[in-house]
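Report on the following structure.
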Amino acid sequence: MIGELMTQVKTGDTVGIHYTGTLLDGTPFDTSDGREPLEFEVGSGQIIPGLDVALPGMAVGDKKTVEIPCDQAYGPLNPEMRQAVPREGIPADVPLDIGTQLNVQTPDGQAMQVMVVEVDEATVTIDANHPLAGQDLKFDIELMSIK
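Sequential numbering of the sequence shown, starting at 268, is according to the numbering used here.
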């Protein structure tokens with residue numbers, strides 16, 4: 268109705284969105300399709316920065332496509348997050364296929380997910396970068412709710 272203000276998202280609002288995330292070549296990596304909308308507080312750092320800044324000003328029912336450079340998504344690839352470890356330090360029952368995700372413990376006791384990226388006779392190279400680090404991303408989002 269004319270004169271009626273549409274409620275628009277602002278920082279601090281809790282919103283629900285449906286989304287599909289793809290690489291710039293169109294390869295999908297995540298979607299809320301078939302699930303409940305993703306709920307979070309806008310501006311609180313619960314989602315990647317590039318998506319957080321795209322929401323203010325949207326109203327329920329609005330759809331938007333957002334291209335997010337890697338530095339506003341999961342960050343650039345950090346070469347220091349790749350490490351070759353001696354093969355003998357890895358238990359024999361651990362699968363070492365390229366692409367295998369492993370959970371490891373850092374020296375300070377933190378659990379961290381790494382991926383096997385290279386294997387030779389002496390070493391296994393693991394990568395602790397986020398799988399989407401260094402990637403520019405595209406999200407199709409639809410605002411479902413503002414609380």
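Virtual Cβ for every residue (Gly too), placed ideally from N, Cα, C.
Source: prediction; values computed, not measured.
Task: For Ser412 and Val282, the rounded distance between their alpha carbons - done: Note on geometry: alpha-carbon atoms of Val282 and Ser412 lie some 5 Å from one another.
- [ ] Starting from the Cα of Pro316, find the closest Cα among Gly342, Asp297, Lys330 and Pro353 and give me that residue.
- [x] Gly342
Task: Secondary structure of Met348, DSSP reduced to three states - done: helix
Open item on the list: By the three-class DSSP mapping on this structure, what secondary structure does Pro398 have?
Closed with: coil
Open item on the list: So if DSSP puts Val371 in a beta bridge, which residue, or which two residues, is it bridged to?
Closed with: Under DSSP, Val371 forms a beta bridge with Met379.
TODO: Have a look at the DSSP bridge pairing and note the partners of Val282.
DONE: Paired residues: Phe307 and Ile413.
Open item on the list: Tell me which residues share the same chain as Ala389 and place their Cβ nearer than 8 Å to its Cβ, disregarding the 5 neighbours each side in the sequence.
Closed with: Only residues of its own chain outside the window of five on either side were considered, and among them Pro353 and Arg354 have a CB closer than 8 Å to the CB of Ala389, listed in chain order.
Task: Neighbour-count burial assignment, Gly301, 16 or more Cβ in a 10 Å radius - done: exposed
Open item on the list: Taking the beta carbon of Phe296 as the centre, do at least 16 other beta carbons fall within 10 Å, making it buried, or is it exposed?
Closed with: With fewer than 16 Cβ atoms within 10 Å of its Cβ, Phe296 is classed as exposed.
TODO: Would you mind sorting Met273 into buried or exposed? The rule is 16 or more other CB atoms within 10 Å of its CB.
DONE: exposed
Open item on the list: Just verifying my parser: in three-state terms, what is the DSSP assignment at Met273?
Closed with: coil
Task: Which of helix, strand or coil DSSP assigns to Asp297 - done: strand
- [ ] Would you give the residue range spanned by the alpha helix (DSSP H) that Pro316 belongs to?
- [x] In this chain, the alpha helix (DSSP H) harbouring Pro316 covers Pro316 to Asp319.
Task: Residue burial classification, Gly376 (beta-carbon count within 10 angstroms, cutoff 16) - done: exposed
TODO: Please state if the CB of Ile284 and the CB of Leu363 are separated by a distance shorter than 8 Å.
DONE: Cβ distance not < 8 Å, so Leu363 and Ile284 don't count as in contact.
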